[in-house]
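Participant:
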Amino acid sequence: MKRLALFASGSGTNVENLIHYFAKSNQAEVSLILCNKPGAFVIQRAENHKIPILVFNRNQFYESKEVLETLIAYKIDVLILAGFLWLVPNDILQAFPQSIINIHPALLPKYGGKGMYGDKVHEAVIQNRESESGITIHLIDEQYDQGDNLFQVTCQVFPNDTPQSLAEKIHALEYAHYPRVIDEYIRESLD
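Position one of the sequence shown corresponds to residue -12 (the working numbering), numbered consecutively onward.
1. Look at the Cβ atom of Leu41, then the Cβ atom of Ser18, and state whether they are nearer than 8 Å.
2. Contact defined as beta carbons within less than 8 Å: I believe Gly70 pairs with Ala(-5). What is the distance between those atoms, to the nearest angstrom?
3. Please name the residue, chosen from Lys52, Asn4, Ile67, Asn35, that lies closest to Leu21 on a Cα-to-Cα basis.
4. How big is the Cα-Cα spacing for Ala93 and Glu34?
5. Can you say whether Asp148 is buried or exposed, counting buried as having 16 or more other CB atoms within 10 angstroms of its CB?
6. List the whole-angstrom C-beta distance separating Tyr131 from Leu74, where the pair is believed to meet the contact cut-off of C-beta under 8 Å.
7. Count the other CB atoms within 10 Å of the CB of Ile59; is the residue buried (16 or more) or exposed (fewer)?
8. Could you please give me the residues that DSSP links to Ile20 through a beta bridge?
9. Tell me the DSSP secondary structure of Glu119 in three-state form.
10. How would you label Lys(-11), buried or exposed, when you count the other beta carbons within 10 angstroms and need 16 or more for buried?
11. Taking the straight line between their C-alpha atoms, what separation do you get for Asn77 and Gln151?
12. How would you write the range of the alpha helix (DSSP H) that Gln143 sits in, first residue to last?
13. Check for me: the beta strand (DSSP E) holding Asn89 runs from which residue to which?
14. Apart from the five residues just before and just after Glu117, which ones in its own chain have a Cβ nearer than 6 Å to its Cβ?
15. One question on the structure: do His158 and Ile124 come within less than 8 Å of each other, judged by their Cβ atoms?
16. By Cβ distance, which residues of its chain are closer than 8 Å to Leu160, with the 5 residues on each side in sequence left out?
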């Protein structure tokens, strides 16, 4: 059974979706949740499901080994970024090669990179009058949104779409595909 650690910064709707999906799995389980924002609702979600949580700050992530040591102590196999916005430091990248998965709310390489997240992405897509957007599920490396793509799926962008209406379409794609793509990647690549 592979042990998953979920990293999040916000309310944790993708975390909740992943918890429910992997609760029915005989291949992987959510063993730890990590959050870089005290007070984020994802902390409550972790507590509701009785999943251990580590809340950490910038110093603990970048200047100490505390986060890495916690991942090792929990015998984590795969890291899943679910609305986590910080660049992962090299010591963690090296400890989990080809085992850190992220989801991005656009079709990379467009609308990726530092500062491109959430509504900022949707606003840029609409402002540039794109006819489609979507999600990209990818491995991460030492740069924002540059790792190998595992999966992309599109949705139409209509002239009357707003950042909020586009976000709803993107969230629906995330909920439908992120758990399945993670599950398939674990089954095919990490056995």
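Every residue gets a Cβ at the ideal spot worked out from N, C-alpha and C, and that includes glycine.
Facilitator: Looking at the atomic coordinates:
1. no
2. At roughly 5 Å, the Cβ-Cβ gap stays under 8 Å, so Gly70 and Ala(-5) are in contact.
3. Ile67
4. Cα-Cα distance, rounded: 31 Å.
5. buried
6. 6 Å
7. exposed
8. Leu(-7), Ile40
9. strand
10. Lys(-11) comes out buried.
11. 35 Å
12. Segment 136 to 143 is the beta strand (DSSP E) holding Gln143; no alpha helix (DSSP H) there.
13. 87 to 91
14. Contacts found: Val144.
15. no
16. Gly121, Ile122, Val140, Cys142
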